[in-house]
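Take a look at the structure below.
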Amino acid sequence: MTNTLTRRQRLGRFGEDLAVRHLENAGFVVLERNWRSRSGELDIVATDRTMLLVCEVKTRAGASTGPPEAAVTEEKAYRIRRLAHEWLTEHRMDWTPIRFDVIAVHAPPGRQPRLKHIEGAF
């Protein structure tokens, strides 16, 4: 069995690394990265000590599939909210303010990546 990541996985990890640095520079502390349950995965769970932030990261190298944030459909947002509830239950957090953000990363080969942080996306 090999440990080689696919091109798509490397691109996704690159985007998540940029998103984590962006959030940390904005004063957030990342609590979890790629948290998984049987229901799915949360890309980033963070806090600024006043609220919990659940952040979906979408990274694209080209524009043929549209902007990265367009991949976060209503169905995807619903799944992320459900997963956030699972995360809160697992971590025994009864109530905390929570915000759902999307960080869209456009990373064309050989060019500077662009990051778009959409606060309160859903």
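Residue numbers 1 to 122, in full-length UniProt numbering, belong to the letters of the sequence shown in order. Idealized CB from N, CA, C, for every residue including glycine.
{"Query": "Residues near T47 by beta carbon distance below 8 Å, same chain, minus five either side", "Result": "F28, V29, L31, L53"}
{"Query": "heavy atom of the ligand ADP below 7 Å from K58 C-beta", "Result": "In the structure shown, the ligand ADP is absent, as is every other ligand, since no ligand is present at all."}
{"Query": "Contact set for H106: own chain, Cβ-Cβ below 7 Å, skip 5 residues either direction", "Result": "R60, P68, P113, R114"}
{"Query": "Neighbourhood of L11 by C-beta distance below 7 Å, restricted to the same chain and skipping five residues each side", "Result": "T59, A61, A107"}
{"Query": "DSSP beta-bridge partners of W35", "Result": "L42"}
{"Query": "Beta strand (DSSP E) segments (min. 3 residues) lying fully within the region 3-87", "Result": "29-37, 40-47, 52-60"}
{"Query": "Same chain, Cβ closer than 6 Å to V57, five either side skipped, listed in chain order", "Result": "G15, E16, A19, D43, I103"}
{"Query": "According to DSSP, residues forming a beta bridge with D101", "Result": "C55"}
{"Query": "Residue closest to G40, alpha-carbon to alpha-carbon, out of H117, K116, H85, L5", "Result": "H85"}
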